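Heads up: the first sequence begins at 1 in full-length UniProt numbering, then just goes up one per residue.
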Amino acid sequence: MDTSEDEIEEDENEWKTSPSLQKTLGPTPAHRVILHFDLDCFYAQVEMIRNPALREVPLGIQQKYIIVTCNYVAREQGVTKLMSVTAAKEKCPQLVLVKGEDLTHYREISYKMTELLMSYCPLVERLGFDENFMDISSMVENRLAQTPGTDAVSFKGHVFNHLTADVDCGDHTRLALGSHIAAELREAVHSKLGLTGCAGIATNKLLAKLVSGTFKPNQQTTLLPENISDIMGSLSGLRKVPGVGHQTAKRLQALGLVSVKDLQLFPLSDLVKEFGASSAQRLKNLSLGVDDSPVTPTGAPQSLSDEDSFKKMSSTKEVLEKIQELLSSLVERMHKDGRQPQTFRLTIRKYSATNKWFSRESRQCPIPNHIGQKICSGCCDDAVVQLLSLALKLFHKMVESSTAFHLTLLNVCFSNLQTREAATSGKGSIAHFFTHSTSPRKTQSISSQSQVVHYSYFHFFMTPGAALHGFKRKQSSVVAEEGPPPPQKVFCSTASSDCGETNNKTTQRLPPNVDPEVFRLLPEDIQKELLSPVYTNSLVNTSTSSATEAEVSHTRENKTSLLFTGARNIEDIKETVDPCNLTTVKHQSAAGQSLFPGDNVMKEGRLSFSRSSDCKFPGNVDPKVFSELPPDVQAELMAEWKQQKPLLKDPSSRKPGRSLMTKDKKAAGKSSQTNNLFKYFKPS
DNA sequence: AAGCAATAG
DNA sequence: GGTTCTATTGCTT
Numbered sequence: 001m002d003t004s005e006d007e008i009e010e011d012e013n014e015w016k017t018s019p020s021l022q023k024t025l026g027p028t029p030a031h032r033v034i035l036h037f038d039l040d041c042f043y044a045q046v047e048m049i050r051n052p053a054l055r056e057v058p059l060g061i062q063q064k065y066i067i068v069t070c071n072y073v074a075r076e077q078g079v080t081k082l083m084s085v086t087a088a089k090e091k092c093p094q095l096v097l098v099k100g101e102d103l104t105h106y107r108e109i110s111y112k113m114t115e116l117l118m119s120y121c122p123l124v125e126r127l128g129f130d131e132n133f134m135d136i137s138s139m140v141e142n143r144l145a146q147t148p149g150t151d152a153v154s155f156k157g158h159v160f161n162h163l164t165a166d167v168d169c170g171d172h173t174r175l176a177l178g179s180h181i182a183a184e185l186r187e188a189v190h191s192k193l194g195l196t197g198c199a200g201i202a203t204n205k206l207l208a209k210l211v212s213g214t215f216k217p218n219q220q221t222t223l224l225p226e227n228i229s230d231i232m233g234s235l236s237g238l239r240k241v242p243g244v245g246h247q248t249a250k251r252l253q254a255l256g257l258v259s260v261k262d263l264q265l266f267p268l269s270d271l272v273k274e275f276g277a278s279s280a281q282r283l284k285n286l287s288l289g290v291d292d293s294p295v296t297p298t299g300a301p302q303s304l305s306d307e308d309s310f311k312k313m314s315s316t317k318e319v320l321e322k323i324q325e326l327l328s329s330l331v332e333r334m335h336k337d338g339r340q341p342q343t344f345r346l347t348i349r350k351y352s353a354t355n356k357w358f359s360r361e362s363r364q365c366p367i368p369n370h371i372g373q374k375i376c377s378g379c380c381d382d383a384v385v386q387l388l389s390l391a392l393k394l395f396h397k398m399v400e401s402s403t404a405f406h407l408t409l410l411n412v413c414f415s416n417l418q419t420r421e422a423a424t425s426g427k428g429s430i431a432h433f434f435t436h437s438t439s440p441r442k443t444q445s446i447s448s449q450s451q452v453v454h455y456s457y458f459h460f461f462m463t464p465g466a467a468l469h470g471f472k473r474k475q476s477s478v479v480a481e482e483g484p485p486p487p488q489k490v491f492c493s494t495a496s497s498d499c500g501e502t503n504n505k506t507t508q509r510l511p512p513n514v515d516p517e518v519f520r521l522l523p524e525d526i527q528k529e530l531l532s533p534v535y536t537n538s539l540v541n542t543s544t545s546s547a548t549e550a551e552v553s554h555t556r557e558n559k560t561s562l563l564f565t566g567a568r569n570i571e572d573i574k575e576t577v578d579p580c581n582l583t584t585v586k587h588q589s590a591a592g593q594s595l596f597p598g599d600n601v602m603k604e605g606r607l608s609f610s611r612s613s614d615c616k617f618p619g620n621v622d623p624k625v626f627s628e629l630p631p632d633v634q635a636e637l638m639a640e641w642k643q644q645k646p647l648l649k650d651p652s653s654r655k656p657g658r659s660l661m662t663k664d665k666k667a668a669g670k671s672s673q674t675n676n677l678f679k680y681f682k683p684s
């Protein structure tokens with residue numbers, strides 16, 4: 001293994017400790033150094049860690065009837081990715097199979113990997129579960145500034161096409177330093193997570209990705225600028241260019257283009273006719289090894305989904321049971337994440353003779369707040385039941401259940417994930433937030449260093465320490481954290497008979513939002529739960545007041561007042577306190593109002609926090625500028641960052657004269673998100 | 001905002 | 001090119 005003996009720990013936080021630099025760089029050419037990490041047969045590695053005995057044997061990871069990946073022992077015997085199980089068994093009768101449909105462990109370890117990389121440098125972008133890009137330009141600059149002489153720095157690992165023991169024509173110091181960093185990071189990943197993988201070091205993402213695969217497994221390769229055309233030319237076809245998928249390849253082929261060289265030489269103007277200006281230029285650039293796209297920190301996922309495929313499903317009952325199964329695990333995942341999903345999507349795949357297999361169809365809808373809150377607060381079974389009802393409606397938009405149907409896949413998805421400001425111990429910290437007001441979303445490489453940088457301040461309700469140590473943050477708060485079991489549960493189990501219900505007629509007992517069709521098909525225990533008074537009284541449009549409801553509200557009063565002492569404002573209360581009963585929440589809001597007549601101050605404090613939603617980081621931020629910030633600020637920014645989605649900035653929205661309050665309200669609906677990435681790590 | 005296509009691992 | 005189980009981005013309406 002070609003890793004360095006250096007202890008990377010010594011360089012830990014290197015990206016934070018910026019020397020005096022950069023401002024002096026002026027219009028220097030882009031000195032980006034980009035790493036691409038690619039773990040070796042990731043799923044198989046995870047299974048071999050869980051069961052070391054598997055290292056010795058040919059191992060395949062099976063999903064349905066497909067081997068999705070396999071270890072190198074199996075590869076030596078001819079097993080390949082995406083081979084059918086039968087074919088794989090023929091090739092390799094001793095092949096050991098592990099089921100891999102449940103991605104939970106892979107996902108967790110995948111995020112640990114990303115998190116580990118982020119602890120060295122914040123600019124980490126995930127690509128699938130097993131690959132990460134890093135922009136290590138800042139780290140390299142730091143080392144450069146600390147490097148004594150102008151002596152040539154040697155490379156760690158391979159150098160692509162470095163056939164000649166070349167003279168140093170050109171300055172490769174940065175890439176050489178990059179190769180050292182890559183070696184150290186690979187060693188860190190190996191020692192801390194037990195994972196091996198490849199790294200590619202180059203001047204952009206495209207090249208880093210391409211070069212990382214040139215020596216496998218568990219090796220690294222650096223690409224020098226003078227070898228760019230070599231590596232592009234070495235690709236066996238256009239399809240090998242990242243960004244050129246099947247469809248694009250077909251369209252290119254229709255133009256007579258099959259090799260990378262063909263595309264390099266093809267007139268841009270002709271390409272524009274087929275693809276439009278922007279795609280054409282992008283494709284052309286890719287063929288030349290040009291890629292200005294920034295490493296955009298990925299952060300926490302923007303959607304969570306669960307799906308299952310099968311040979312045939314043709315009854316509504318089966319469909320509902322499957323959806324329920326999928327929802328159960330999805331809701332649980334969502335609950336652990338802590339954010340509240342705002343939209344729900346159901347997708348199906350219909351079998352049809354004409355369109356033999358593919359084609360997915362989906363329908364989505366907003367998630368009513370009370371359901372979202374149940375997810376967050378842990379009333380997961382309740383949430384599942386109500387989501388099931390939503391799902392059935394969506395299903396009927398796609399399938400006429402009166403006529404025959406044949407489904408081969410179901411998928412449920414939560415998106416538009418919103419954080420709630422967890423007023424954890426009331427310790428808000430302030431993140432210094434800055435954006436380039438002038439920067440569109442162009443390149444970060446050539447970007448003129450003279451751009452004006454605006455700094456603004458945001459309240460940030462997160463304890464950086466907790467986040468940085470990988471603790472799972474409970475966004476839903478005080479009640480969930482230190483209270484007794486969720487009230488809904490309590491009531492479900494205790495108040496199973498009547499609590500002074502007025503509408504207890506057996507035919508009328510179903511809660512308003514539960515579709516009778518759904519109900520009929522539900523498991524018995526769920527049905528029973530649904531029939532408990534809490535449900536029949538508390539679901540959505542309850543205009544009727546009931547004893548149960550009053551009781552619920554009442555028992556919550558004490559907690560409510562406790563909460564007020566720690567909560568920042570009414571909105572927080574609404575969100576953190578009781579999730580299970582809408583009317584209860586209303587009570588509390590009202591109470592809050594009276595308790596905090598002067599909560600405008602509070603609101604303003606929170607306002608600035610929510611404003612973070614229109615600050616995007618990655619594209620706009622010069623890593624060098626970033627590296628000059630104080631470490632603690634950087635840490636908070638990173639955390640915030642991870643949650644941000646690029647929003648186009650409306651310059652007028654920055655006008656000082658504008659009401660912060662209205663903005664807050666807008667932004668609050670949007671995506672003021674706090675860090676969740678760390679949730680994917682088990683508390684250590 | 002909804003739905004889909006394309007791309008990716 | 002699809003098979004699996006995800007996830008993201010961008011186009012179109």
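Using N, Cα and C, we set each Cβ at its ideal position, and we do this for glycine too. What you are looking at is a predicted structure, and each value in this text was computed from that prediction instead of being measured.
Taking DSSP as the reference, what is the three-state secondary structure of N369? helix
Identify which residue in L39, R107, K209, V412 has its Cα closest to the Cα of R360. V412
Given a cut-off of 8 Å on the beta-carbon distance, is the pair Q342 and V384 in contact? no
Measuring only the C-alpha atoms, how far is P122 from R349? 39 Å
Quick check: what's the CA-CA separation for G289 versus M232? 6 Å
DSSP on N411, reduced to helix/strand/coil? strand
Would you call the region 142-149 in contact with the region 199-215, where contact means no fewer than 3 C-beta pairs closer than 8 Å? no
I'd like to know whether the C-beta atoms of M139 and L195 end up nearer to each other than 8 Å. no
Helix, strand or coil, according to DSSP, for Q45 in the structure here? helix
Specify the secondary structure class of E400 as computed by DSSP and reduced to three states. coil
How long is the line joining the alpha carbons of L257 and L224, rounded to whole angstroms? 27 Å
By the 10 Å Cβ neighbour count, where 16 or more other Cβ atoms means buried, how is S236 classified, buried or exposed? exposed
Element boundaries [alpha helix (DSSP H), containing I231]: 228-233
Residue from S179, S279, K250, A353 whose Cα sits closest to the Cα of Q406: Sequence inspection shows His at residue 406; the Gln mentioned does not correspond to that position. For the residues S179, S279, K250, A353, the minimum Cα distance to H406 belongs to A353.
In the DSSP output, which residue or residues are listed as bridge partners for Q340? Q418
Bridge partners for residue 687 per DSSP, in chain order? Missing from the structure shown is residue 687; the chain here goes from 1 to 684 and no further.
Could you give the distance in angstroms between the alpha-carbon of T662 and the alpha-carbon of S234? Because the pLDDT at T662 is just 26, under 50, the model does not fix this residue reliably, and the point stays unresolved.
Residues near E47 by beta carbon distance below 8 Å, same chain, minus five either side: L54, L59, I61, V98, G100
For F129, which residues in the same chain have their Cβ closer than 7 Å to its Cβ, ignoring the five residues on either side in sequence? F42, Y106, R107, S110
Within 8 Å, strictly: CB atoms of L283 and S259: no
Looking only at DSSP bridge pairs, what is A188 linked to? In DSSP, A188 forms no bridge with anything.
I need the straight-line Cα distance from Q247 to F358, nearest angstrom please. 15 Å
Close beta carbons around R75, own chain, < 6 Å, minus the five adjacent residues each side: none
Please report how far the alpha carbon of T296 lies from the alpha carbon of M134, in whole angstroms. 9 Å
What residue ranges within the region 60-125 form continuous alpha helix (DSSP H) runs of no fewer than 4 residues, ordered along the chain? 72-76, 85-91, 104-118
Taking Cβ positions, are F414 and S293 nearer each other than 8 Å? no
Thinking C-beta only, is A87 closer than 8 Å to L95? no
If the criterion is Cβ atoms closer than 8 Å, does the pair E131 and F266 meet it? no
Can you tell me whether P301 is buried or exposed, with buried defined as 16 or more other CB within 10 angstroms of its CB? buried
Cutting at 7 Å between CB atoms, please list the residues of its own chain near G78, excluding the five before and the five after it. K91, C92
Taking the alpha helix (DSSP H) that T248 falls in, what are its first and last residues? 246-254
Rounded straight-line distance, which links the Cα of G157 to that of Q340: 45 Å
For P366, which option in R333, N416, S315, K81 has the closest C-alpha, if you only look at C-alpha atoms? N416
Backbone CA spacing between S278 and L210 [nearest angstrom]: 23 Å
Could you check what DSSP says for I375 in three-state terms: helix, strand or coil? helix
Backbone CA spacing between L330 and L390 [nearest angstrom]: 15 Å
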